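Report on the following structure.
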Amino acid sequence: MFQSFARPPVEKRLLGSRMEDFVRRLKDNALDGYVITHADAHQSEYLPADQERLTYLTGFTGSAGWAIIHLGKGNLFVDGRYLQQAAQQIDGVAFSIVDVSATAPAKWLKSNLKPGQRIGYHGFYLTIAQVRKLKKACQAAGAELVSCPVDLVDLSWDEDGRPAPAKGQVFLRDEAFAGESISEKLKRLSARLGESGADAALLTLTDSIAWAFNIRGNDVAHNPVALAFALLKKDAKPVLWIDGEKLSNSVRSNLSQSVDIEEITDFGRSLEAYAETKPAILIDPDSCADAVRLVLQRGGATLIEGSDPVVPMKARKNPVELAGMRRAHLRDGAAMVRFLYWLDQQDIGSVSEIDAARKLEDIRRETATADGMELRELAFDTISAAGENAALPHYRVMEHHNAVLTDNSLYLVDSGGQYYDGTTDITRTIAIGSLDAERKQRFTQVLRGHIAVATARFPGGTTGAQLDTLARLPLWMSGSDFAHGTGHGVGAYLCVHEGPARISKAGHVALEPGMILSNEPGYYKSGHFGIRLENLLIVEEATPVDGGDLPMMGFETLTFCPFDHRALELDLLSDPELDWLNEYHHDVFEKLIHIDLLNPEEVAWLSRATSPLMRKSSEQIA
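Under my numbering, residues 13 to 634 are what the sequence shown spells out, in order.
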């Protein structure tokens, strides 16, 4: 299994003792507080076990968050996805929870610090932009933000059985799947450097490095990346800093044709030596660690701040990557259908959340093998959430809280696979038994928001923030909303979350053809139920609109799996919405029966699940 359900929560007593030890270290270093983020030196969203500092100190296991320790008291900053989860996991005596959407860490510092107080941080785990915001907030309060040469969490953790660093092997991504050679990518990147006026660009994001050099790794669960840094040079071979033990002789030999390879332990020294040649180096302040900036400045480099040049190139998938993603999603759609068929055959009350998650993983693996393509990993730990657990958007089932799928309830399953040809991410919410009117109403509202995004037409320059409203409007009209973005970027056999574009209130990057984004509106009623419906979409140039005077863009749907019509209130759908659903289900059936991955019983189930839907009444919404 790629996922484990055995990790028990950290005992509150143990969390309390860790906090006491940490506070003593603060006093020993003449600090009044400390800032901790869920990050490593690469600003990764998902971390190797030995980089989970926030989890070690607080017990919180979410993929995003901050902690500020101040005068012996902890404050954990999380967004709406994690408020309930954090409350369950942390020591409520040692820590208070702060909704980051209302009070960002910088705002909190400005309001709570006193003149003369000193707040520490470690420069490898905060970006340049983050440090600037925090420093400005501290200065406004008359306090000081202090860079610590050694991370104080690490000092405590190293004495307390810290996991060993990741040692996953690096492997090459064949050009037949990448669609572009390393040399071709480097040539394009060199041209971008020339446009910026920089002599070099520093890459710190692991997925940028993986894409640029056509490599993949095993250092981070579910994300096929290797921990590394890289320096792109306008007129010379790039440098790749990586643990040499992760490179086989063949991989090293292949990479060495295009890249100078150095040990990652030499990164700081080597980078400073290069900086002493006085180059102009492009760095991304939103992803580059502040400690790296200090190294470059100490060496005498001229710093040019701008976006990571790989990110926009990686986001626009080439035709080969798109073809691979399409095939991966057909395979994954067949696996989902096989799973949903299996689930329908089980007696109500006989399946637990873990049972379902394990079965889905097994089916994904079997289906991939049948299609001649290995399931190399899951895209993330499966969110298998029954009943009230589905009200936690990022719920993680464990053996100590493993619910059963009960009658007259909703079951939410958010999952995906990592295949050599692509990455998938899909969410379906399933009716277990009959549903009451409220659950059907909310399910239908979420689906209406999903359809609105899927069918959107928009001119060039449109951002995700502009489309985000479409997904929320059906819920807004009933006085409701959901506390997460509508969609995120997705990599091609890379990270399931990637920038720069997203469909959210904060999505200010224009959508461009070839980008792949999720479409996943939801609704969550705390203590009762949760709903989320997710497909992946490719941004494409749309068919011209008759009488229109602007070229438009739209979306191609990548994901093919039926929505559960048993959870729908059809009379709440407009005629165009019902037409879209029936057309989508027709496409699901036609595409999946022709890839020869379903048995006759599964095909028969799929036929029923995708049969055209008709209202029982003539009433409809406008």
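Here a beta-carbon is modelled for each residue, glycine too, at the ideal position from N, C-alpha and C. Bear in mind that the values here come from a model prediction, so they are computed numbers and not experimental data.
Where DSSP assigns a beta bridge to Val143, which residues make up the other side? Under DSSP, no beta-bridge partner is assigned to Val143.
Are the CB atoms of His413 and Leu239 nearer to each other than 9 Å? Not in contact: His413 and Leu239 (Cβ atoms no closer than 9 Å).
What are the boundary residues of the alpha helix (DSSP H) that Ala303 is part of? Note, Ala303: alpha helix (DSSP H), Asp302 to Gly311.
Using 10 angstroms around the beta-carbon of Ala327, count the other beta-carbons present and answer buried if the total reaches 16, otherwise exposed. Its Cβ being crowded by 16 or more others within 10 Å, Ala327 is buried.
Whole-angstrom distance between Leu83 and Thr289, CA atom to CA atom: Each residue's Cα considered, the two are about 44 Å apart.
Tell me which residue opens and which closes the alpha helix (DSSP H) that Tyr596 is part of. Run containing Tyr596: Asp587 to Ile605, per the alpha helix (DSSP H) assignment.
Which value, in whole angstroms, describes the spacing of the CA atoms of Ala222 and Val105? The straight-line gap from Cα to Cα measures roughly 42 Å.
Where Thr49 sits in the DSSP three-state scheme: Thr49: strand per DSSP, three-state reduction.
Let me check understanding here. Comparing Cα to Cα, which of Asp278, Pro297, Ile293 and Ile227 lies closest to Arg264? Ranking the options by Cα distance to Arg264, first place goes to Ile227.
Buried or exposed for Leu26, going by 16 or more other Cβ atoms inside 10 Å? When all chains shown are included, Leu26 counts as exposed.
What does His500 pair with, by DSSP beta-bridge criteria? Listed as beta-bridge partners of His500 by DSSP are Arg514.
Best match in Gly86, Val271 and Phe72 for proximity to Tyr94 [C-alpha to C-alpha]: Tyr94 has its Cα closest to that of Phe72, out of Gly86, Val271 and Phe72.
Distance, Cα to Cα, Ile543 vs Lys371? In this structure, the alpha-carbon of Ile543 lies about 21 Å from that of Lys371.
Taking the beta strand (DSSP E) that Leu252 falls in, what are its first and last residues? Start and end: Val251 to Ile254.
Out of Asp40, Gln101, Met13 and Ala51, which one is the CA nearest neighbour of Gly28? Relative to Gly28, the option among Asp40, Gln101, Met13 and Ala51 whose CA is nearest is Gln101.
Label Asn611 either buried or exposed according to how many other C-beta atoms from any shown protein chain fall within 10 Å of its C-beta, with 16 as the threshold for buried. Result: exposed.
With DSSP collapsed to three states, give me the class of Lys119. In the structure shown, Lys119 adopts helical secondary structure according to DSSP, grouped into three states.
Lys39 in three-state terms, based on DSSP: Helix.
With Met31 and Arg200 assumed to form a contact (beta carbons below 8 Å), what rounded beta-carbon distance in angstroms separates them? In fact, because the Cβ distance is near 49 Å, the residues do not count as touching under 8 Å.
Just to check my reading of the structure: Tyr535 and Arg454 have Cβ atoms closer than 8 Å, yes? What is that Cβ distance to the nearest angstrom? About 5 Å separates the two Cβ atoms, so the contact holds.
Cβ shell of Thr571 (< 7 Å), same chain only, five flanking positions each side left out: Here the set comprises His341, Gly345, Ile438, Asn547 and Leu548.
Which runs of the beta strand (DSSP E), 3 residues or longer, sit entirely within the stretch 259 to 341? Runs found: 272 to 275, 292 to 295 and 314 to 317.
If you count every other CB in all the chains shown that lies within 10 Å of the CB of Lys147, and 16 or more means buried, which is it? Around the CB of Lys147, 16 or more other CB atoms lie within 10 Å, so the residue is classed as buried.
Can you tell which of Gln430, Thr475, Thr436 and Leu422 has its C-alpha closest to the C-alpha of Ala449? The shortest C-alpha separation from Ala449 is found at Leu422.
Write down the C-beta distance between Val465 and Ile515 rounded to the nearest angstrom, noting that I regard them as a contact closer than 8 Å. Confirmed, Cβ separation roughly 7 Å.
Ends of the beta strand (DSSP E) at Phe639? Absent from the structure is residue 639, since the part of the chain shown begins at 13 and ends at 634.
Unbroken beta strand (DSSP E) run spanning Lys428, endpoints: One detail in the question is off: residue 428 reads as Gly in this sequence, not Lys. Per DSSP, Gly428 belongs to no beta strand (DSSP E) and is neither H nor E.
Have a look at Thr394 and Leu355 and give me their C-alpha separation to the nearest angstrom. One C-alpha to the other measures close to 16 Å.
Paired residues, beta bridge with Asn87 - DSSP: Asn87 is bridged by DSSP to Ile80 and Ser108.
Coil, strand or helix - Lys537 by DSSP: The DSSP-derived three-state label of Lys537 is strand.
Could you give the first and the last residue of the continuous beta strand (DSSP E) run that contains Ala213? Following the DSSP letters along the chain, one finds Ala213 inside the beta strand (DSSP E) bounded by residues Ala212 to Leu215.
Pairwise C-alpha distance: Leu59 and Leu582: Using only the alpha carbons, I get a separation of about 43 Å.
Ignore the nearest five residues each way along the sequence and tell me which others in Asp62's own chain have a CB closer than 8 Å to its CB. So the list reads Arg174, Pro175, Ala176, Pro177 and Ala178, once near-sequence residues are dropped.
Buried versus exposed, by CB contacts within 10 Å (16 or more), Val162: Val162 sits exposed, since fewer than 16 C-beta atoms from the chains shown fall within 10 Å of its C-beta.
Name, in chain order, the residues that DSSP records as bridge partners for Leu184. Ile227, per the DSSP bridge assignment.
Evaluate Ile360 with the Cβ neighbour count: other Cβ atoms within 10 Å of its Cβ, from every protein chain shown; 16 or more gives buried, anything less gives exposed. With fewer than 16 other Cβ atoms within 10 Å, it is exposed.
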